[in-house]
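Each residue of the sequence shown is one higher than the one before, counting from 20 in the working numbering.
For glycine and all other residues, C-beta sits at the position ideal for the given N, C-alpha and C.
These figures come from a predicted structure and were not determined experimentally.
Comments concern the structure below.
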Amino acid sequence: MTGFDPPAREVRDAVERALAEDVGPDGDLTSSLLPPAEVTAAIVARAAGRFAGRACAVEVFRQVDPAVTVQWEAVDGDPVSPGQRLAVVMGPRASVLTAERTALNFLSHLSGIATEVARYVAAAAAVGRARVRDTRKTTPGLRALEKAAVRAGGGDNHRAGLSEWVMLKDNHLAAITIAEGVVGARQRWPDRDVYVECDRIDQVEEALAAGADALLLDNMAPEEVRACVERAGGHGCLLEVSGGITLDSVAEYAATGVDFISVGRLTNSAPALDIALDVANDPAEAEDR
Numbered sequence: 020m021t022g023f024d025p026p027a028r029e030v031r032d033a034v035e036r037a038l039a040e041d042v043g044p045d046g047d048l049t050s051s052l053l054p055p056a057e058v059t060a061a062i063v064a065r066a067a068g069r070f071a072g073r074a075c076a077v078e079v080f081r082q083v084d085p086a087v088t089v090q091w092e093a094v095d096g097d098p099v100s101p102g103q104r105l106a107v108v109m110g111p112r113a114s115v116l117t118a119e120r121t122a123l124n125f126l127s128h129l130s131g132i133a134t135e136v137a138r139y140v141a142a143a144a145a146v147g148r149a150r151v152r153d154t155r156k157t158t159p160g161l162r163a164l165e166k167a168a169v170r171a172g173g174g175d176n177h178r179a180g181l182s183e184w185v186m187l188k189d190n191h192l193a194a195i196t197i198a199e200g201v202v203g204a205r206q207r208w209p210d211r212d213v214y215v216e217c218d219r220i221d222q223v224e225e226a227l228a229a230g231a232d233a234l235l236l237d238n239m240a241p242e243e244v245r246a247c248v249e250r251a252g253g254h255g256c257l258l259e260v261s262g263g264i265t266l267d268s269v270a271e272y273a274a275t276g277v278d279f280i281s282v283g284r285l286t287n288s289a290p291a292l293d294i295a296l297d298v299a300n301d302p303a304e305a306e307d308r
């Protein structure tokens, strides 16, 4: 276990769903044709990036066949390079091959997220103190896993769900004022943070006057964000910027002085990291890679 692992129950449930989808009611038809034999294989990175998803891969092999053992040579959060061996897998050939694609899907997807996050974190850190955050734009059913991958990439997590804190967004503010929303939230949930999404400076003024804990500066140009940072100075209010921020623009936003930069593409658009499983003809071949 590492500090980047998602909750064990979330891992177990996600793996159960993934294996049910892949193996189906009749099992792995092709692997059932193979003669009984033990095999040794290597999980290998085919591209440079940041590793994540080990707990999921462990659970895949465990659920398919507890007789499969995995010796890991990388932990979540490690940088990896092309050709680097991440683990040695040993066990019945049919079981290893049945688990292969599901384990690699988790590793590739989650490592891809960690890799994308690491790029944004490095770009932001070069010019400011802003922390990079994810959003709720996650794959349905995989949020806890994807948010763990964000942490493995060096990023921070935004709220995990709608019940974690109050966030008054534009569609909410079409029905109530900022002041009404902040006051109502304070009365009902005095221990919860209250965020207000602002896309204009007058909304920033209103949210500060209402005593919001944090402002989400949405779809603002860097010069507008800088003006909001200056206006909020001394209020003790956290400032987060979001909306259309890319790897090319994240440094410019970090330089404005905001506390956080949230980016939806970290979880909803990150490309998978190429990771493969190579079965060795000679067991020593996998162990010597």
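Checklist entry - What are the partner residues of Gln90, as DSSP defines its beta bridges? => result DSSP output for Gln90 lists Val107 as bridge partner(s).
Checklist entry - What is the residue span of the beta strand (DSSP E) that Glu57 lies within? => result It spans 57-64 - the beta strand (DSSP E) in which Glu57 sits, taken as one unbroken run.
Next on the checklist: Rounded to whole angstroms, what is the Cα-Cα separation between Leu89 and Arg207?
Outcome noted: Reading off the sequence shown, one finds Val at residue 89, where the question assumed Leu. Straight-line spacing of the CA atoms in Val89 and Arg207 works out to 49 Å.
Next on the checklist: If the criterion is Cβ atoms closer than 8 Å, does the pair Phe23 and Ala167 meet it?
Outcome noted: The answer is yes: Cβ separation under 8 Å.
Next on the checklist: Using a 10 Å radius around the Cβ and a threshold of 16 neighbouring Cβ atoms, would you call Thr6 buried or exposed?
Outcome noted: In the structure as shown, the chain starts at 20 and stops at 308, and residue 6 therefore has no counterpart that could be examined.
Item to check | Val202 versus Leu123 - alpha carbon distance | outcome: Between Val202 and Leu123, the C-alpha separation is close to 48 Å.
Item to check | At least 3 beta-carbon pairs within less than 8 Å: the stretch 257-264 vs the stretch 103-116 | outcome: By the criterion of at least three beta-carbon pairs nearer than 8 Å, the stretch 257-264 is not in contact with the stretch 103-116.
Item to check | Contacts around Glu92, its chain only, beta-carbon distance under 7 Å, and the 5 residues preceding and following it disregarded | outcome: Only Arg104, Leu105, Ala106 meet the Cβ criterion.
Item to check | Endpoints, the alpha helix (DSSP H) within which Val146 is located | outcome: Looking at the DSSP string, Val146 is not in any alpha helix (DSSP H), and its letter there is neither H nor E.
Item to check | Distance CB(Leu296)-CB(Ile62) smaller than 8 Å | outcome: Yes. Within cutoff.
Next on the checklist: Quick check: Ala142 and Ala240, are their CB atoms within less than 8 Å of each other?
Outcome noted: Contact flag unset, no.
Checklist entry - In the structure shown, what three-state DSSP assignment does Leu257 receive? => result Residue state, collapsed to three classes: strand.
Item to check | Arg112 versus Glu119 - alpha carbon distance | outcome: When rounded, the distance between both Cα atoms is 10 Å.
Next on the checklist: According to DSSP, is Asp11 part of a helix, a strand, or is it coil?
Outcome noted: The requested residue 11 is not part of the displayed model; the chain covers only 20 to 308.
Checklist entry - Under three-state DSSP, which class holds Phe125? => result Here Phe125 sits in helix by DSSP.
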